[in-house]
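Below is one structure, written out as structure tokens; comments come after it.
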Amino acid sequence: MLVAVAGQEQGFQLCPLDDLGRPSGAPMHVTDLAPAVAEWERRAQPRWVWASTAEVYPALLAAGVPVGRCHDIELTEALLLGYAGRWGEPRSLAAAWARLTGAPVPPDPPPRPPVPPGGGQGELFAPAPPPTAGGGTGLETLVKVYADQRARIDAVEQPRRFRLLVAAESAGALVAAEMGRTGLPWRADIHRALLVELLGEPSPVGPPRRLAELSAAIGEAFGDPRLHPDSPAEVLRALRRAGVDVPSTRSWVLRQVDHPAVPLLLKYKELYRIWTAHGWAWLDTWVHDGRFRAEYVPGGVVSGRWATRGGGALQIPKVVRRAVVADPGWRLVVADAGQLEPRVLAAVSGDRRLAAAAAAGDLYAALAADAFAGDRAKAKVALLGAMYGQTGGDALPALATLRRNYPVAFDYVESAARTGEAGGLVRSWLGRTCPPASATWADPEPDAGGDRSAPVARARARGRFTRNFVIQATAAEWALTLLATLRPLLAGLGELVFFQHDEVLVHCPAERADAVVAAVREAGERTRRLLFGDTEVRFPLETRIVECYADAK
DNA sequence: TACAATGACACA
DNA sequence: TACGTGTGTCATTGTA
């Protein structure tokens with residue numbers, strides 16, 4: 000059962016569609032969408048076909064009307080354009096319609112700046128209403144573009160997989176809107192106590208006490224009390240004066256330097272980052288009513304991973320996770336997919352011997368026992384090096400061992416790299432396609448500095464990107480499918496509150512935590528079958544029931 | 001004064 | 001143990 004919903008200047012039009020996507024009833028016009036959607040959901044749990052979940056769904060959620068399934072035209076359009084090598088072309092319903100009719104294609108609106116929740120200027124920056132598609136009614140446009148998308152999906156090389164990709168991407172958009180609304184339980188009082196413990200008391204004018212002390216101590220160590228430790232250029236000059244010649248002030252470079260200021264600098268960098276990125280200002284901006292609410296952007300990363308707008312939700316430092324605490328009487332179920340990327344490689348490449356190792360709980364240990372004389376660290380370095388395109392270092396002999404013993408898997412990533420170096424496109428398991436190289440990539444000219452090796456270096460970099468893409472994008476699909484599969488299983492048990500690449504958090508009453516764990520396992524099993532059928536590869540989900548996120552690792 | 005590029009570091 | 005991919009955010013620095 001499908002129902003199309005199109006927004007217009009005055010209200011909305013709804014129309015049931017048959018299994019082929021053709022209108023199968025009279026369109027109805029409503030001014031208030033939520034009650035109509037609620038009624039359809041109650042009667043038939045249809046799949047909603049609409050232009051953009053991000054535009055439509057938040058208002059439904061605000062009205063207390065969640066939906067089960069949808070087809071997101073814009074996200075699907077982006078996937079289809081990418082598949083056709085037309086990455087980056089406008090993806091809106093209006094643009095898709097214009098391409099169908101040969102009209103001039105309107106550009107997509109620019110991405111909105113992050114808007115903190117409850118920010119006073121929300122109205123000023125409110126997004127413009129979606130443009131009403133020109134020519135015919137919005138509903139006709141929507142239905143025709145939907146039909147066109149179905150036809151294009153049928154024409155891809157692996158339509159069954161691509162349909163799954165579209166369904167998962169659309170379901171992900173529902174989850175993203177719901178999670179952005181629900182928010183992650185966040186104890187501002189614990190966060191503040193943590194900040195004082197780490198940074199000292201805040202100062203109304205400058206850095207907090209501990210940072211000011213460290214800054215002074217660093218100045219003293221360099222014999223320059225006016226030195227700014229947060230200016231890499233100044234620190235570099237000070238180090239040179241002290242006879243230390245380093246290419247940068249990166250932490251891992253400084254760690255190899257023997258100078259009394261170095262430990263102070265490293266500590267300063269660590270604390271400074273917490274102060275600027277997750278300090279009092281962040282707390283006041285992003286945490287309200289005991290929840291941290293970020294805006295999740297499905298498909299925001301080329302590999303299909305989500306991005307976030309505002310608050311840096313995907314980069315919460317581990318120390319700060321102490322502030323993520325379940326409500327009284329509730330628990331957090333933290334589930335993460337361990338060793339996801341090597342398992343993905345085993346599954347997509349079809350390497351029987353690697354798949355056998357990936358049937359184990361600890362893939363690296365199994366790999367070590369099988370081919371690396373029990374050296375787990377070496378096995379891990381080899382596999383990661385193969386997936387990420389390691390070029391040098393002590394991983395090289397291990398890579399040779401890997402190539403000899405797992406030639407099918409090795410070939411899979413090598414071939415992706417060669418395709419990229421030659422300027423070609425690669426696809427994930429479900430058919431997400433990598434963006435083409437930039438226009439300057441194929442430029443045979445040396446770079447601006449006259450470096451003749453630049454074209455070769457660019458090709459190598461492109462090869463590393465495509466090599467990694469086939470793995471990272473497929474891992475993102477696995478996680479997205481898990482999310483989509485888990486969502487309905489959680490009904491009445493708990494709510495999804497956080498998602499970060501290969502990790503999911505569910506907030507639930509304590510007495511339901513065990514049922515949530517079971518739901519997570521079931522979702523993991525379904526996800527494996529949906530993506531890879533009867534593969535031998537296992538994707539174990541480690542689950543922990545905790546009160547505080549920091550206790551999960 | 002405003003914007004873009006850079007460097008740094010957090011996460012997976 | 002060393003520099004492999006993908007991000008977002010902040011401050012500094014340089015340019016318009």
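Position 82, counted from 1, in the first sequence is what numbering that gives the first Met the number 0 calls 81; the numbers after and before it change by one each time, with no gaps. No residue lacks a Cβ here, since even glycine has one placed at the ideal position from N, Cα and C.
Spatial neighbours of residue i within its chain, please: C-beta separation below 6 Å, excluding the five flanking residues on both sides.
i    : result
F497 : L183 and L504
G81  : T432
R68  : R46
R375 : Y363, A364 and A367
R21  : none
S553 : Residue 553 falls outside the range modelled here, since the chain spans only 0 to 552, and no answer is possible.
Going by CA-CA distance only, name the one from the options that's closest to residue i.
i    : options                   : result
P45  : L13, F468, E233 and S302  : L13
L141 : P262, L339, A280 and P26  : P26
A345 : P110, C547 and T534       : T534
P228 : V114, A416, L213 and E76  : L213
L238 : V261, R225 and V64        : V261
E478 : T465, A522 and A62        : The amino acid occupying residue 478 in the given sequence is Ala; Glu does not appear at that position. The option with the nearest alpha carbon to A478 is A522.
L164 : I152, A175 and L173       : I152
A549 : L60, A150, R85 and H190   : H190
V66  : A490, E502, R520 and Q499 : A490
L553 : R162, A456 and P224       : Lying outside 0 to 552, the shown extent of the chain, residue 553 is not represented and no answer is given.
I315 : R180, A421 and W185       : W185
V144 : R249, D501 and L92        : L92
A53  : T484, L485 and R180       : R180
G423 : E494, G84 and Y56         : G84
R308 : A512, W49 and W285        : W285
I470 : A514, R304, R42 and T275  : R304
T75  : E340, V300, A167 and G310 : A167
G462 : A416, G311 and S427       : A416
For residue i, which residues from the same chain have a beta carbon less than 8 Å from its beta carbon, with the 5 sequence-adjacent residues on both sides left out?
i    : result
N404 : R352, D369 and A370
L398 : A381, G384, A385 and Q389
V252 : V245 and P246
Output needed for residue i: all residues of its chain with C-beta closer than 7 Å, excluding positions within five of it in sequence on either side, in chain order.
i    : result
R543 : V333 and A551
A569 : This structure leaves residue 569 out entirely; the chain is present only between 0 and 552.
R98  : V104
G10  : H28, V29 and T30
V536 : R342, A345, A346, A354, A357 and A358
C547 : R321, V323 and V324
T131 : For T131, the pLDDT reaches just 46, beneath the cut-off of 50, and the residue's location in the model is therefore unreliable, although a value from the coordinates is still provided. Excluding sequence neighbours, T131 sits near Q7, E8 and G137.
Kindly indicate the opening and closing residues of the beta strand (DSSP E) around residue i.
i    : result
G6   : L1 to G6
A336 : W329 to A336
F161 : Taken as a continuous stretch (DSSP letters only), F161 belongs to no beta strand (DSSP E), being part of the alpha helix (DSSP H) at P158 to T181.
V300 : First-last for V300: undefined, no H or E at that position.
E502 : E502 to P508
V496 : E494 to F498
Taking buried to mean at least 16 other C-beta atoms within 10 Å of its own C-beta, is residue i buried or exposed?
i    : result
S247 : exposed
E476 : buried
D71  : buried
Q148 : buried
D350 : buried
R240 : exposed
P207 : buried
L395 : exposed
D283 : exposed
L19  : exposed
D501 : buried
A61  : exposed
Return the bridge partner residues of residue i from the DSSP annotation.
i    : result
Q12  : A5 and H28
I544 : V332
D288 : According to DSSP, which records beta bridges pairwise, D288 is partnered with nothing at all.
C69  : W47
V324 : C547
P22  : L16
Can you tell me where the alpha helix (DSSP H) with residue i in it begins and where it stops?
i    : result
H190 : A187 to L198
R46  : Taken as a continuous stretch (DSSP letters only), R46 belongs to no alpha helix (DSSP H), being part of the beta strand (DSSP E) at R46 to W49.
V347 : L339 to S348
P406 : P406 to E420
E269 : A260 to H277
F371 : Counting along the chain, F371 falls outside any alpha helix (DSSP H), and DSSP gives it neither H nor E.
K143 : G137 to D153
W587 : No information on residue 587 is available, as it lies outside the stretch 0 to 552 that the chain covers here.
R239 : P231 to R240
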